[in-house]
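Visitor: Using our numbering, you'd call the opening residue of the sequence shown number -18 and step up by one each time. My questions will all concern the structure given below.
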Amino acid sequence: MSNIFSKAANIYNLFKSIDFKQLEALSKKVDLQEVMTQFGKMDDKQLAGLMKMMKGGGNRKKELPPIDADFYDLSGKLSPEDRELQMKVRQFMETEIKPIVNRYWNRAEFPFDIIPKVAELNICGITFEGYGCPNRSFLMEGIIASEMGRIDASIATFFGVQSGLAMGSIYVCGSEEQKQKWLPRMQKLELIGSFGLTEPEVGSAAAGGLTVTAKREGNKWILNGQKKWIGNATFADVNIIWARDLDDNQVKGFIVEKGNPGFKADKIENKMALRIVQNGLITLTNCEVTEENRLQNCNSFKDVAKVLRMTRAGVAWMAVGCARGAYESALKYTRERIQFGRPIASFQLIQNHLVEMLSNLTAMQTLVYRLSELQDNNQLTDEHASLAKVFCTLRMRDVVSRAREVMGGNGILLEYDVARFVADAEAIYSYEGTKEINSLIVGRAITGFSAFV
Ligand SMILES: Cc1cc2nc3c(=O)[nH]c(=O)nc-3n(C[C@H](O)[C@H](O)[C@H](O)COP(=O)(O)OP(=O)(O)OC[C@H]3O[C@@H](n4cnc5c(N)ncnc54)[C@H](O)[C@@H]3O)c2cc1C
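Shown next, in the form of structure tokens:
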């Protein structure tokens, strides 16, 4: 019975939506009686569909699913406080960095205005305890690296050098007095740091081959040699320099302050990646550093390796962010770009690229979550961090290159963002240990044989 009433109501509604003047014109062209007979045979669903069409519903813009590369809802595992901080960093990156980033990247300049704004986020030295640091999890540190990388890998790198490499060196290798002196101001980004390990002639072989020398003379040390690629070095207040002690042949760490006589940092020009990062070529010429500024708890390269183990996980997270930014940009583009009268996202071959990107990304994300769990449980080994760095940076390269591909010509224009991700991925792929070096670390762990030359 109720069925009959609902059908009658639908027919009544249908009649209400009819323009009778148009109907009169229509009656000259079609057999209206036949049309009415057909209407009478329709069920509820068919009538509702017809009404929707007549109201123009058929032409309404299709509602598309939200663009979100966290396909397995890994963020859903975060505590409300961690989720809140994740969203705070995301919002900062989207509102403060995204609008300016291509301009600065193009000019290879650093946007110094953002430094106090980054400080306000209170995320520097996030895992450290004391010295004004937030003492949060390594997982949170990873999420931050990824959120930054999702918008811009240069800003993520600047932050990684400051918060991980420079502050981390003092946190791991400094005396209590040195930590008290430097870390609170670095945490607030009142002092900016750099980390000088690589040299013009020594990159992958840094563990055994550093050529920058340190010679003790009474209460001071004399440093000589060059460091290459040192991020932030052109403006850093605190430069961590790793050098070989001429007396015991071991690696020692030194805090070389800006303006120290004998210290010079020249900007490395003409980079095709991470153009916002100010990488310096540091020249040390009889550079005098007091014993007070020697990192008191670094006795060999093994102590440097402790810092690198801590930060290498962050690079894997950054690769996730870079890939995610490229994927999300590409997905948006393919849904908007029309070819052959349809969005290119509706083509099977384009969907195949998108799904391969998302598969890679989901595998990377799942891997780094577990990596950080290991780190938070104090179970992280060098080989864990190396495997993540190798896998994530390799997959990142694949994702960004597919993102570029589905965007056609626009994929190489800065204004569409993906070109920047493609270029920056090349630097992330090589720094903090190349694929070969990290593979050798994992290879040694699983086979029991060292293949390092
Ligand atoms: C943008 C950028 C930022 C950087 N920032 C910093 C920084 O802030 N501080 C810092 O100290 N350094 C920094 N670096 C340096 C970076 O860590 C080195 O570039 C990296 O470790 C590789 O060293 P290399 O460039 O000298 O390459 P090389 O060591 O010369 O290697 C060249 C090639 O040979 C391969 N290779 C080397 N040895 C072996 C082997 N035994 N078996 C097989 N293959 C091998 C490498 O994998 C690579 O493919 C930065 C680099 C870049 C590009």
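Just so it is clear, CB atoms sit at the ideal spot from N, CA and C, and this is done for glycine as well. Here the structure is a predicted model, which is why all the values come from computation and not from measurement.
Is G234 closer than 9 Å to C114 when the C-beta atoms are compared?
Guide: Result no, Cβ atoms of C114 and G234 do not sit closer than 9 Å.
Visitor: So, using beta-carbon positions, are T480 and M121 closer together than 9 Å?
Guide: The question about residue 480 has no answer, for the chain in this structure spans -18 to 434.
Visitor: For V403 versus M345, is the C-beta distance shorter than 9 Å?
Guide: Taking 9 Å as the Cβ cut-off, V403 and M345 do not qualify as a contacting pair.
Visitor: Which ranges does the alpha helix (DSSP H) cover as unbroken runs of at least 4 residues, wholly within the stretch 161 to 192, from first to last along the chain?
Guide: With a minimum length of 4 residues, the continuous alpha helix (DSSP H) runs that stay inside the stretch 161 to 192 are 187 to 190.
Visitor: Give a single yes or no on whether W163 has its beta carbon closer than 8 Å to a heavy atom of ligand 1.
Guide: No - ligand 1 has no heavy atom lying nearer than 8 Å to the Cβ of W163.
Visitor: Are the CB atoms of K245 and I222 within a distance shorter than 9 Å?
Guide: No. Outside cutoff.
Visitor: Below 9 Å between beta carbons: does that hold for L352 and A369?
Guide: Taking 9 Å as the Cβ cut-off, L352 and A369 qualify as a contacting pair.
Visitor: By how many angstroms is the C-alpha of Y410 removed from the C-alpha of I81?
Guide: Cα to Cα, the separation comes out at about 25 Å.
Visitor: Bridge partners for K208 per DSSP, in chain order?
Guide: Bridge partners of K208: I263.
Visitor: How do the stretch 296 to 316 and the stretch 366 to 383 stand: do at least 3 beta-carbon pairs fall below 8 Å, yes or no?
Guide: The stretch 296 to 316, when compared against the stretch 366 to 383, does touch it at the 8 Å Cβ threshold.
Visitor: A147 to Q259, Cα distance in whole Å?
Guide: About 15 Å.
Visitor: Touching or not, the stretch 161 to 181 and the stretch 198 to 213, by the rule of three or more beta carbon pairs under 8 Å?
Guide: Contact holds: three or more Cβ-Cβ distances are below 8 Å.
Visitor: Would you say Y53 touches ligand 1, meaning its beta carbon is less than 8 Å from a heavy atom?
Guide: False, no ligand heavy atom lies under 8 Å from that Cβ.
Visitor: By Cβ distance below 6 Å, which residues in the same chain neighbour I331 in space, the five residues on each side in sequence not counted?
Guide: Here the set comprises T315, I325 and V387.
Visitor: So does the stretch 383 to 398 actually touch the stretch 273 to 283, counting three or more Cβ pairs closer than 8 Å?
Guide: As far as the Cβ criterion goes, the stretch 383 to 398 does not touch the stretch 273 to 283, which means the pair count is below three.
Visitor: Rounded to whole angstroms, what is the Cα-Cα separation between A400 and V349?
Guide: If I take the Cα positions, the gap works out to 25 Å.
Visitor: Note down the Cα distance separating I435 from R225, rounded to an integer number of angstroms.
Guide: One cannot answer for residue 435 here, as it falls past the ends of the chain, which runs -18 to 434.
Visitor: For A294, verify whether its CB is less than 8 Å away from any heavy atom of ligand 1.
Guide: Checking every heavy atom of ligand 1 against the Cβ of A294, none is found closer than 8 Å.
Visitor: Tell me where the alpha helix (DSSP H) around E62 begins and ends.
Guide: Unbroken alpha helix (DSSP H) run through E62: P61 to F73.
Visitor: Do the stretch 264 to 271 and the stretch 134 to 148 touch if we need at least three Cβ pairs shorter than 8 Å?
Guide: The stretch 264 to 271 vs the stretch 134 to 148: no contact.
Visitor: Does at least one heavy atom of ligand 1 sit under 8 Å from the Cβ of V142?
Guide: Indeed, a heavy atom of ligand 1 lies less than 8 Å from the Cβ.
Visitor: Given this structure, state the Cα-to-Cα distance separating D24 from E15, to the nearest angstrom.
Guide: One C-alpha to the other measures close to 17 Å.
Visitor: Answer yes if the stretch 181 to 200 comes into contact with the stretch 154 to 164, meaning at least three C-beta pairs across the two stretches below 8 Å, and no otherwise.
Guide: Flag = no, the stretch 154 to 164 and the stretch 181 to 200 do not touch.
Visitor: Does DSSP put P80 in a helix, a strand or coil?
Guide: Three-state result, P80: helix.
Visitor: Provide the residue(s) that pair with E437 in DSSP beta bridges, ordered along the chain.
Guide: Here the chain covers residues -18 to 434 and nothing more, so residue 437 does not appear.
Visitor: Can you tell me whether L276 is buried or exposed, with buried defined as 16 or more other CB within 10 angstroms of its CB?
Guide: Flag for L276 reads buried.
Visitor: With a threshold of 16 other CB atoms inside 10 Å of the CB of Y53, please say whether the residue is buried or exposed.
Guide: Exposed, because fewer than 16 other Cβ atoms sit within 10 Å of the Cβ of Y53.
Visitor: Run through DSSP, which three-state label would A254 get?
Guide: Coil at A254, not helix or strand.
Visitor: Mind checking I418: buried by the 16 CB within 10 Å criterion, or exposed?
Guide: Looking at its Cβ environment, which holds 16 or more other Cβ atoms inside 10 Å, I418 is buried.
Visitor: Is W210 near ligand 1, going by C-beta to nearest heavy atom under 8 Å?
Guide: Yes, ligand 1 has a heavy atom inside 8 Å of this Cβ.
Visitor: What would DSSP say about S(-17), mapped onto helix, strand or coil?
Guide: With a pLDDT of 48 at S(-17), under the threshold of 50, the modelled position of this residue cannot be trusted, and the question is left open.
Visitor: Let me check you understand the geometry: is the CB of L394 closer than 8 Å to at least one non-hydrogen atom of ligand 1?
Guide: No; taking the cut-off as 8 Å, the Cβ of L394 has no heavy atom of ligand 1 nearer than that.
Visitor: For the beta strand (DSSP E) holding F235, just list the boundary residues, first then last.
Guide: Residues V232 to E238.
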